[in-house]
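In this note's numbering, the protein residues as written are 30 to 333.
What follows is the structure, given as structure tokens:
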């Protein structure tokens with residue numbers, strides 16, 4: 030017969046139902062056909078008579094393969110021709126020349142060449158012009174490549190693990206920073222804080238104590254021992270704050286303000302028969318007479 034095709038391998042996708050598959054190339058013996066099943070990257074060689082049977086040997090158009098069990102869905106069934114590399118034709122001197130036997134021998138040689146060509150087609154080859162001294166021992170070279178690949182995969186896995194650990198450590202560090210910020214806030218609230226009365230057990234900032242906005246409770250501006258307040262106030266149009274020294278009480282003029290000087294607090298108290306001059310106001314105690322002032326900025330000096 031003649032070989033009009035170079036095909037020596039084919040594959041089919043399993044569906045869990047089909048058991049008969051075409052062999053679309055000629056083969057001289059059933060044992061020349063090899064069958065394997067591929068699933069999830071792994072290959073399993075199947076055995077003739079146990080897993081499958083072959084029909085159609087010697088036919089120019091090929092034959093068929095019948096599976097004992099249908100290949101499962103997602104698997105790949107691979108059929109390929111791999112004849113034994115032997116020469117079995119023996120010619121007797123002066124005997125008749127058997128053309129059919131000779132042609133069968135040529136067919137077998139061609140099938141062997143096609144099988145080798147298919148195998149070489151899956152190989153990694155050096156360029157044709159590569160000098161002989163640059164061609165490495167194939168087995169040793171492949172072992173080296175495999176070792177390098179495994180080392181690279183191990184390094185990649187280690188890098189991934191290190192990255193995951195770094196993320197965990199970053200998260201822990203973030204938690205520590207947050208805890209530190211909370212601790213600082215608590216420390217700031219408890220050290221050098223303001224107490225507005227003898228019964229106030231939680232020292233805090235003036236901002237927290239004046240959270241009511243424009244409303245100022247009278248006890249808010251009575252510092253305890255070793256405490257001093259520095260305030261910057263803008264007064265409403267109505268009379269707002271009074272400054273008291275001893276039994277003398279004066280009222281800050283509408284629109285006036287307070288400022289800190291080397292001598293204590295100075296006030297723009299305006300003019301009037303019952304007002305003190307600015308220079309005579311020293312170390313005054315603040316007493317809100319009514320709700321009127323807005324605190325723009327403040328600072329606590331000293332501590333409890």
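For glycine and all other residues, C-beta sits at the position ideal for the given N, C-alpha and C.
Considered as a whole, the segment 94–140 harbours 105–110 as its complete beta strand (DSSP E) runs of no fewer than 3 residues, in chain order. Here residue 53 is not bridged, per DSSP, to any residue.
In this model, residue 101 and residue 107 are separated by some 13 Å (Cα to Cα).
Scanning the segment 144–223 from its first residue to its last, the whole alpha helix (DSSP H) runs of 4-plus residues come out as 167–219.
Between the segment 129–147 and the segment 107–118, the count of C-beta pairs closer than 8 Å reaches three or more; the two stretches touch. Judged by their CB atoms, residue 163 and residue 37 are not nearer to each other than the 9 Å cut-off.
The C-beta distance from residue 92 to residue 52 rounds to 5 Å, short enough to fall under 8 Å. Shortest Cα-Cα distance from residue 32 to any of 61, 56, 126 and 49 involves 56. The DSSP-derived three-state label of residue 59 is helix. Put simply, of 73, 160, 34 and 158 the residue whose alpha carbon is nearest the alpha carbon of residue 90 is 34. Take residue 68, set aside five residues on each side of it, and the residues of its chain with a beta-carbon closer than 6 Å to its own are 104, in chain order. Of 39, 96 and 60, the smallest CA-CA separation from residue 45 is found for 96.
In its own chain, leaving out the 5 sequence neighbours on each side, no residue places its CB closer than 6 Å to the CB of residue 60. Around the beta carbon of residue 155, fewer than 16 other beta carbons sit within 10 angstroms, so the residue counts as exposed. Beta bridge pairing from DSSP links residue 73 with 66.
By DSSP's assignment, residue 39 forms a beta bridge with 108.
Taking residue 49 as reference, the option from 121, 99 and 174 with the minimal CA-CA separation is 99.
With fewer than 16 other Cβ atoms from the protein chains shown falling within 10 Å of its own Cβ, residue 199 counts as exposed. When beta bridges are read from the DSSP output, residue 84 appears opposite 93. Non-local beta-carbon contacts of residue 75 in its own chain, meaning distances under 7 Å to residues more than five positions away in sequence, involve 64, 65, 66 and 81 in chain order.
By the neighbour-count criterion, in which a residue is buried when 16 or more other Cβ atoms sit within 10 angstroms of its Cβ, residue 182 is exposed. Residue 157 is positioned such that its CB atom lies no closer than 9 Å to that of residue 134.
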